[in-house]
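Note sheet for the following structure.
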Amino acid sequence: MLLPRNTIRPKRTMASAISVLLTASAAVVAVPTTAAAAELDVDYTGVATAAYRAPTTVSAKVTLGEDGHAGAKVTFRVGDATCEATSTSTGAASCTLAPVNKPGYYGISVRVESPAGRVGTFHTFQVKKATTALAYNGTRHLANDEPAKLAATLKDGAGQAVPERTVRLALGAGGAEQACNGATSSGGDATCTVDKVNQDLNTEATVPLSAAFAGDDYYLPSNATSTAVLQYATGRAFGASADVNLILFPVKIPPQPDTGVIRTARATTNRPQCSGQVKTIGVNIEALCAEVNTSLNPGTSTAKTTVKSAKIGLPGLPVLDLSGVEAVSTSTCTKAEGHTGTTLKIAGKTIDVPNVPNTVIDLGVARLVINEQLPAAGADKGMTVNAVHLKDALGLIDVVIGSATTGAHNCAPAS
Numbered sequence: 001m002l003l004p005r006n007t008i009r010p011k012r013t014m015a016s017a018i019s020v021l022l023t024a025s026a027a028v029v030a031v032p033t034t035a036a037a038a039e040l041d042v043d044y045t046g047v048a049t050a051a052y053r054a055p056t057t058v059s060a061k062v063t064l065g066e067d068g069h070a071g072a073k074v075t076f077r078v079g080d081a082t083c084e085a086t087s088t089s090t091g092a093a094s095c096t097l098a099p100v101n102k103p104g105y106y107g108i109s110v111r112v113e114s115p116a117g118r119v120g121t122f123h124t125f126q127v128k129k130a131t132t133a134l135a136y137n138g139t140r141h142l143a144n145d146e147p148a149k150l151a152a153t154l155k156d157g158a159g160q161a162v163p164e165r166t167v168r169l170a171l172g173a174g175g176a177e178q179a180c181n182g183a184t185s186s187g188g189d190a191t192c193t194v195d196k197v198n199q200d201l202n203t204e205a206t207v208p209l210s211a212a213f214a215g216d217d218y219y220l221p222s223n224a225t226s227t228a229v230l231q232y233a234t235g236r237a238f239g240a241s242a243d244v245n246l247i248l249f250p251v252k253i254p255p256q257p258d259t260g261v262i263r264t265a266r267a268t269t270n271r272p273q274c275s276g277q278v279k280t281i282g283v284n285i286e287a288l289c290a291e292v293n294t295s296l297n298p299g300t301s302t303a304k305t306t307v308k309s310a311k312i313g314l315p316g317l318p319v320l321d322l323s324g325v326e327a328v329s330t331s332t333c334t335k336a337e338g339h340t341g342t343t344l345k346i347a348g349k350t351i352d353v354p355n356v357p358n359t360v361i362d363l364g365v366a367r368l369v370i371n372e373q374l375p376a377a378g379a380d381k382g383m384t385v386n387a388v389h390l391k392d393a394l395g396l397i398d399v400v401i402g403s404a405t406t407g408a409h410n411c412a413p414a415s
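Position 301 (the sequence shown) corresponds to 301 in the numbering used here; numbering is contiguous.
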């Protein structure tokens, strides 16, 4: 028997009602999640620029509604550099990253994850070239005709070593500049060697030093300067001098022949014309010669004086006869040494002179010093050698036969 058509409509109506109720129920459950995600927000509060490789603090504030949201994981990214932080009770989050990409505009992304949902933001961010600083730390003692090791350290503005960059190192300036290039190590150190220093000697005996980094796509340029001292030699030689101020018996002989004071950083020869004879009251000297020679690598100064013969006869003193007089002084940065030679007669009697520096012979009112050796003033290593020096305690008698002085200056400290 067929049922009336209207008898199944209630069933259909009931099923449809149940479906509607279930759908509505599901919609009601999803509403809190959607509402919570909509209230979660983040604002970037950090800097907009950073230098390449420079540790930089980036920051943001996470909010849930009107309040700061704690415990959210916040990830910051600039190019390939990232860092993570967890938001505090105020919603603040910060961490440090160091840009590793080539300087340019990259933007900074901030991503927040929490039980309340996910949210992110993106802001303009520029990676700038890093500033650099050079510090010269190579040799500060130079010697002509010898090698010089130049060195400098390159760091960025954050104090980090800058590796694999070329630094130009130089000594001297202008047309006298001598330069070489060095590549920085992992520690930022660059070194190179100038094979043979070739610099003129100035009044201060100094040479300018410089280091330069030209900069590149990642780093800004920088320069550094310093000063080195230039090793030099001094010397002087003269045959004889006299300054006697006895009553009615004055004797004045300026140093002759005299090289004058030699001051040089190069190899030189200084040899004035020899004097055939120097004769005055109480003093007669023959065949006097003097010279100063300097050489390099190692720096050496040698002064030498020779006198064929000399006779000295002053009131109150026995007559002195000298022959074959020689005085030699030699100085390097290692040592200073000297020697003399002479044959001596006092009142016609030959005196056996020991080969010992600063031998003193008492003549009563004066004294005679043979092979007088004195340190050269102002030198690192230096010596004055007087073959014969006649002097008295009152300063009235001062006669020198054969004098040689040398000195080495601005010597490098012993390694």
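Note that CB positions come from ideal geometry on N, CA and C, so glycine has one too.
Fair warning: this is a prediction, and the values are worked out from it, not measured in the lab.
* To do: List the endpoints of the continuous alpha helix (DSSP H) containing E177.
  => Translated into the one-based positions of the sequence shown, residue 177 becomes position 177. Premise fails: E177 is in no alpha helix (DSSP H) and is neither H nor E.
* Skipping 5 residues on each side, what residues in its chain have a beta carbon closer than 7 Å to that of G260? -> Position 260 of the sequence shown, counted from the start, is the residue given in the question as residue 260. So the list reads R236, once near-sequence residues are dropped.
* Is T96 near T49, with beta carbons less than 8 Å apart? -> Reading the sequence shown from its first residue, position 96 is the one you call residue 96. Reading the sequence shown from its first residue, position 49 is the one you call residue 49. Not in contact: T96 and T49 (Cβ atoms no closer than 8 Å).
* What does a CB cutoff of less than 7 Å around A267 pick up in its chain, not counting 5 residues either side in sequence? -> Residue mapping note: residue 267 aligns to position 267 of the sequence shown, counting from 1. Within the same chain, A267 has close Cβ partners T294, S295, L296.
* Quickly, what does DSSP pair C274 with across the bridge? List them, please. => Counting from one through the sequence shown, the residue named residue 274 turns up at place 274. Answer is none; C274 lacks a bridge partner.
* Asked: Run through DSSP, which three-state label would E372 get?
  -> Taking the first residue of the sequence shown as position 1, residue 372 is located at position 372. In the structure shown, E372 sits in a strand (DSSP, three-state: E or B).
* Do V127 and G79 have their CB atoms nearer than 8 Å? -> Taking the first residue of the sequence shown as position 1, residue 127 is located at position 127. Taking the first residue of the sequence shown as position 1, residue 79 is located at position 79. Closer than 8 Å, so yes.
* To do: List the residues that DSSP assigns as beta-bridge partners of C95.
  => The sequence position of residue 95 within the sequence shown is 95, counting from 1. DSSP output for C95 lists V58 as bridge partner(s).
* **C-alpha gap between A231 and I247, whole angstroms** => As a position in the sequence shown, residue 231 is number 231, starting the count at 1. As a position in the sequence shown, residue 247 is number 247, starting the count at 1. Correcting the residue type first, residue 231 is Gln in the shown sequence and not Ala. The straight-line gap separating the alpha-carbon atoms of Q231 and I247 is approximately 47 Å.
* Asked: Mapping DSSP to helix, strand and coil, what is C411?
  -> Taking the first residue of the sequence shown as position 1, residue 411 is located at position 411. Three-state result, C411: coil.
* With distances taken from CA atoms, which of P250, L374, S241 is nearest Q256? -> Along the sequence shown, one-based indexing puts residue 256 at 256. The residue from P250, L374, S241 with its alpha-carbon nearest to that of Q256 is S241.
* To do: Look up G39 in the DSSP assignment and say whether it is helix, strand or coil.
  => Residue 39 sits at position 39 when you count from the first residue of the sequence shown. Residue identity differs from the one stated: residue 39 is Glu in this sequence, not Gly. In this structure, E39 counts as helix in the three-state DSSP scheme.
* Using the rule of at least 16 other Cβ atoms within 10 Å of the residue's Cβ for burial, across every protein chain shown, is A414 buried or exposed? -> By 1-based counting over the sequence shown, the position of residue 414 is 414. With fewer than 16 Cβ atoms within 10 Å of its Cβ, A414 is classed as exposed.
* **Presumed contact (8 Å Cβ cut-off) between V74 and A93, rounded CB distance** => On the sequence shown, residue 74 is found 74 positions in, with the first residue counted as 1. On the sequence shown, residue 93 is found 93 positions in, with the first residue counted as 1. Contact between V74 and A93 holds: CB atoms are separated by about 4 Å, below the 8 Å threshold.
* To do: Could you spell out where the beta strand (DSSP E) holding A377 opens and where it closes?
  => Start at 1 with the first residue of the sequence shown, and residue 377 comes out as number 377. A377 -> no beta strand (DSSP E), and no H or E assigned at all.
* From D145 to V197, what does the alpha carbon distance come to, in whole angstroms? -> The residue labelled residue 145 in the question sits at position 145 within the sequence shown. The residue labelled residue 197 in the question sits at position 197 within the sequence shown. Cα-Cα distance, rounded: 5 Å.
* How many angstroms separate the CA atom of A412 from the CA atom of T166? -> Within the sequence shown, the letter at position 412 stands for residue 412. Within the sequence shown, the letter at position 166 stands for residue 166. Rounded to the nearest angstrom, the two C-alpha atoms are 28 Å apart.
* Distance between N223 and P254 (C-alpha atoms, nearest Å) -> Sequence index remark: in the sequence shown, residue 254 carries index 254 (1-based). Sequence index remark: in the sequence shown, residue 223 carries index 223 (1-based). Whole-angstrom Cα-Cα distance: 53 Å.
* Would you list the residues sitting across from F122 in a DSSP beta bridge? => The count along the sequence shown starts at 1 and reaches residue 122 at position 122. F122 is bridged to S109.
* Asked: Under a Cβ-count criterion, where at least 16 other Cβ atoms within 10 Å of its own Cβ denotes burial, should E291 be classed as buried or exposed?
  -> Mapped onto the sequence shown, residue 291 falls at position 291. Counting Cβ neighbours within 10 Å, E291 comes out buried, since at least 16 surround it.
* Asked: Which two residues bound the contiguous beta strand (DSSP E) that contains R77?
  -> One-based indexing of the sequence shown puts residue 77 at position 77. Residue range 73 to 78 is occupied by the beta strand (DSSP E) that includes R77.
* Asked: Just to confirm, are V229 and N410 a CB contact at a threshold of 8 Å?
  -> For the purposes of this step, residue 229 is identified with residue 229 of the sequence shown, where counting begins at 1. For the purposes of this step, residue 410 is identified with residue 410 of the sequence shown, where counting begins at 1. Against a cut-off of 8 Å, the Cβ pair of N410 and V229 comes out as a contact.
* To do: Assign V29 to buried or exposed, taking buried as 16 or more other Cβ atoms, counted over all protein chains shown, within 10 Å of its Cβ.
  => Translated into positions along the sequence shown, residue 29 becomes position 29. With a pLDDT of 29 at V29, under the threshold of 50, the predicted position of this residue should be treated as unreliable, though the coordinate-derived value follows. Exposed, by the Cβ-count rule.
* Asked: beta strand (DSSP E) containing Y136: first to last residue?
  -> Sequence index remark: in the sequence shown, residue 136 carries index 136 (1-based). In the DSSP annotation of this structure, the continuous segment of the beta strand (DSSP E) that includes Y136 starts and ends at 132 to 136.
* Pull up the distance between the alpha-carbon of T45 and that of A60, whole angstroms please. => Translated into positions along the sequence shown, residue 45 becomes position 45. Translated into positions along the sequence shown, residue 60 becomes position 60. For T45 and A60, the distance between alpha carbons rounds to 5 Å.
* With 16 as the cutoff for other CB atoms within 10 Å, does N386 come out buried or exposed? -> Indexing the sequence shown from 1 puts residue 386 at position 386. N386 is buried by the Cβ-count criterion.
* **Own chain residues within Cβ distance below 6 Å of A27, not counting five before or after** => The residue labelled residue 27 in the question sits at position 27 within the sequence shown. Annotation note: pLDDT 30 at A27 (below 50); position unreliable, coordinate value reported separately. Excluding positions up to five away in sequence, the list is empty.
* **Closest Cα partner of R348 within the set C83, K311, T132** => Reading the sequence shown from its first residue, position 348 is the one you call residue 348. Just to set this straight, residue 348 is Gly in the shown sequence, not Arg. Considering only alpha carbons, the answer is K311.
* Where P298 and S331 are concerned, what is the direct C-alpha to C-alpha distance, given to the nearest angstrom? -> Locating residue 298 in the sequence shown gives position 298, counting from the first residue. Locating residue 331 in the sequence shown gives position 331, counting from the first residue. Approximately 10 Å between the Cα atoms of the pair.
* Taking the beta strand (DSSP E) that S89 falls in, what are its first and last residues? -> Taking the sequence shown and counting its residues from 1, the one referred to as residue 89 is at position 89. Taken as a continuous stretch (DSSP letters only), S89 belongs to no beta strand (DSSP E), as it is neither H nor E.
* To do: My understanding is that V162 touches L154, with C-beta atoms under 8 Å, so please give their C-beta distance in whole angstroms.
  => Position 162 of the sequence shown holds residue 162. Position 154 of the sequence shown holds residue 154. About 5 Å separates the two Cβ atoms, so the contact holds.
* Quick one: what does DSSP say S396 is sitting in, helix, strand or coil? -> The residue given as residue 396 occupies position 396 in the sequence shown. Ser is not the amino acid found at residue 396; the sequence shown has Leu there. Three-state result, L396: coil.
* Is there contact here, the region 169 to 181 with the region 323 to 338, by at least three beta-carbon pairs under 8 Å? -> Two segments are said to touch when three or more pairs of C-beta atoms, one from each, lie closer than 8 Å; by this definition the region 169 to 181 does not touch the region 323 to 338.
* **Distance between C274 and V369 (C-alpha atoms, nearest Å)** => Looking up residue 369 in the sequence shown gives position 369. Looking up residue 274 in the sequence shown gives position 274. Taking the straight line from one Cα to the other gives about 25 Å.
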